[in-house]
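Enquirer:
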Amino acid sequence: MSEPVSPSEIEQTDDAPEPRREPIFNLPPVVLAVIGICVVVHLIRVYTLTDDQDFALLVRAAFIPVRYSGRYDLDVYAFTSPFTYAFLHGGLAHLVINMVWLAAFGSPLANRYGALRFALFFGATGLAAVALFFALHPLEQTPLVGASGAISGMMGAAARYGFRVDRSSGHAAFAGAPLPIGAVLRSRGVMTFLGVWMVINLVTGLVGFAPGIDGQIAWEAHIGGFVAGFFGVRVFDRRDRTP
């Protein structure tokens, strides 16, 4: 049998704050901006540009190693394409996969770094990705596109935080100071992730197994970005947060 409820108890129940609901999409603005640029650029290429116009865009905005071989004059695009290539993608599957990983690893990193440092991190790791690709393929003529080099840098940074996430502020962010490299190497969970990540990159790059994506995956660019994010994390992170 239920007991009678006094008016005071009813008032207390009515005044109780409702539990906060987490939004379905809780991505930092800078991450949403990068995703938005990539999606808009892809839609313009698919539905607006002609084949000739799209080819002209690739020549100007994609990273093409042979451009720096000394056979061609360096124009303004030679200095902008190491950054703009990240906003181009080879197809819908390529775009969707990269954006999902960007949301997963970029969001906690952006919440910790802030918009400006995250943007600098994105540019620096993307540049490191094409630098290693160029070092190994200096005469390659195929355009290199995609944000996966910079996203690999985010994965490298995540490994330095041991994938620790702090949600106390309402926005998930990597927690604690970056782990020393020795501590990372002793972490079974982190090393398992790194091993699986490395195997996937080598298999998809060397064998070319990537459903829905034409051509092989530039695993060299992924490794370049990852190494930059792994070893350069302290350059961008000036704050030591406790878990």
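Per the working numbering: the sequence shown = residues 3 to 245.
Note that CB positions come from ideal geometry on N, CA and C, so glycine has one too.
1. Using the rule of at least 16 other Cβ atoms within 10 Å of the residue's Cβ for burial, across every protein chain shown, is I183 buried or exposed?
2. Starting from V32, trace the alpha helix (DSSP H) in both directions and tell me its first and last residue.
3. D168 bridges to which residues according to DSSP?
4. At what residues does the alpha helix (DSSP H) containing Q55 begin and finish?
5. For I219, which option in D168, A177, T144 and R69 has the closest C-alpha, if you only look at C-alpha atoms?
6. CB-CB under 6 angstroms to V235, same chain, minus the five flanking residues each way: which ones, in chain order?
7. Is it buried or exposed for P84, if we count other Cβ within 10 angstroms and need 16 for buried?
8. Assign T50 to one of two classes, buried (16 or more other C-beta atoms within 10 Å of its C-beta) or exposed (fewer than that).
9. Using DSSP with H/G/I as helix, E/B as strand and the rest coil, what is L146?
10. What are the start and end residues of the alpha helix (DSSP H) that includes V235?
11. What is the C-beta distance between V36 and L97, in whole angstroms, given that I count them as a contact (C-beta under 8 angstroms)?
12. From A152 to P31, what distance separates their C-alpha atoms?
13. Using CA atoms only, rank isn't needed, just tell me which of H91, L146 and D56 is closest to P67.
Expert: In short:
1. If you number the sequence shown from 1, residue 183 lands on position 181. Flag for I183 reads exposed.
2. Taking the sequence shown and counting its residues from 1, one reaches residue 32 at position 30. Taken as a continuous stretch (DSSP letters only), the alpha helix (DSSP H) holding V32 covers P31 to Y49.
3. If you number the sequence shown from 1, residue 168 lands on position 166. According to DSSP, D168 bridges with A175.
4. Locating residue 55 in the sequence shown gives position 53, counting from the first residue. Taken as a continuous stretch (DSSP letters only), the alpha helix (DSSP H) holding Q55 covers D53 to A63.
5. Working through the sequence shown from its first residue, we reach residue 219 at position 217. Nearest of D168, A177, T144 and R69 to I219, Cα basis: T144.
6. Position 233 of the sequence shown, counting from 1, holds the residue named residue 235. So the list reads A159, R162 and P180, once near-sequence residues are dropped.
7. As a working note, residue 84 is residue 82 in the sequence shown. Per the 10 Å Cβ criterion, buried.
8. Walking along the sequence shown from the start, residue 50 turns up at place 48. Exposed, by the Cβ-count rule.
9. Here residue 146 corresponds to residue number 144 of the sequence shown, with the count starting at 1. Three-state DSSP puts L146 in a strand.
10. One-based indexing of the sequence shown puts residue 235 at position 233. It spans V235 to F238 - the alpha helix (DSSP H) in which V235 sits, taken as one unbroken run.
11. Translated into positions along the sequence shown, residue 36 becomes position 34. Translated into positions along the sequence shown, residue 97 becomes position 95. Contact flag wrong, Cβ pair sits at about 12 angstroms.
12. The count along the sequence shown starts at 1 and reaches residue 152 at position 150. The count along the sequence shown starts at 1 and reaches residue 31 at position 29. Their backbone Cα atoms lie some 17 angstroms apart in a straight line.
13. Walking along the sequence shown from the start, residue 67 turns up at place 65. Among H91, L146 and D56, the Cα nearest to that of P67 is on L146.
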